[in-house]
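Taking it in order: structure first as structure tokens, then the write-up.
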């Protein structure tokens, strides 16, 4: 239920910090707002100790206020990779500087004709951000006192955030990246029973602003030890990529920012197999992660990405039971043996 638009992940950060602190040797929040947990390696090694950064992002796709209209409605645009259809006509929470205000994302009436300014787009289903607005039932002066202004974040209301059971699956908004966050936390639980095997220091990094700019990951990669970064993500289930909705982890081989390090790709897949799963190799062309971002900007020498198979990415997302555990078990196995 926690809200976490990019650059304003406070509610998620608080829960995350409370959850990982008992599992790590050290925890802190860095200058970029990332939550970091360090699990120190125990196994004796002859060479200097290596470090691996494991990243899952705290932010969610959201909206941001572009302008406040004279009638008190808000013009908004995407914060992260989203179109209006990703949200639909829905209740929203407007995160003002001084108050949180309820609103409704509106596409206008479906009873309009093509003569209306937004009618043609709405009636054809080709809805863009300039076709929508947020209804506040307030006035610009009142909104100003509440701290609503250009740059204010607008998120799906808590009213619509309750997870929904669908047979052997769970559906909810923002499983990207809450499900991978859960997998990273569960892998930390599992590592607590395998500390003697751990030869490297593991930095669990819960990052900020992944959806918009990967800013949190870039800062962490530039300031933390280690040359290897593993992103834990949701992975699209699509015929185009040959991926299926199952517990079997997706091993991303490359995306729009580049190709992942070959030996990390194969090591993640081997770890999945040792855990009893059938890894799904996929080249996710229209995709990016914190790991590919830091690989492409040169702040990480090596990178990999493991993903939970997910239907409806950036929408009302759905994963099957056991998929989070499969991801966490694979990640733990990789870290304990890398």
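Numbering (the working numbering), first residue to last: 1 to 338. The C-beta atom is built at its ideal place from N, Cα and C for all residues, glycine as well. No experiment lies behind these values; they were computed from the predicted model shown.
Item: Between residue 194 and the rest of its own chain, which residues show a CB-CB distance below 6 Å, the 5 nearest in sequence each way excluded?; Value: 336
Item: From this set, 3, 13, 20 and 7, which residue's C-alpha is nearest residue 183's C-alpha?; Value: 20
Item: In the structure shown, what three-state DSSP assignment does residue 46 receive?; Value: The predicted model places residue 46 with a pLDDT of 44, which falls under 50 and marks its position as unreliable, so this point remains unresolved.
Item: Who does residue 318 pair with in a DSSP beta bridge?; Value: 171 and 311
Item: Let me confirm a value: residue 46 is counted as buried when at least 16 other C-beta atoms fall within 10 Å, else exposed. Which label applies?; Value: A caution first: residue 46 carries a pLDDT of 44, below 50, which makes its placement in the model too unreliable to give a value.
Item: Quick one: grab the DSSP three-state call for residue 161.; Value: coil
Item: So, using beta-carbon positions, are residue 94 and residue 142 closer together than 7 Å?; Value: no
Item: Excluding the 5 residues flanking residue 100 on each side, which residues of the same chain have their C-beta closer than 6 Å to its C-beta?; Value: 93
Item: Using the Cβ count rule (16 or more neighbours within 10 Å means buried), how would you classify residue 282?; Value: buried
Item: Does the beta-carbon distance from residue 5 to residue 153 come in below 7 Å?; Value: yes
Item: Give the DSSP bridge partners of residue 28, in chain order.; Value: 36
Item: Quick one: is residue 190 near chain D, going by C-beta distance under 7 Å?; Value: Any reference to chain D falls outside this structure, which holds one protein chain only.
Item: Could you tell me the boundaries of the alpha helix (DSSP H) in which residue 216 lies?; Value: 215 to 223
Item: Would the region 62 to 82 and the region 215 to 230 be scored as touching if the rule is three or more Cβ pairs under 8 Å?; Value: no
Item: Can you name the start and end residues of the alpha helix (DSSP H) that residue 86 belongs to?; Value: 84 to 87
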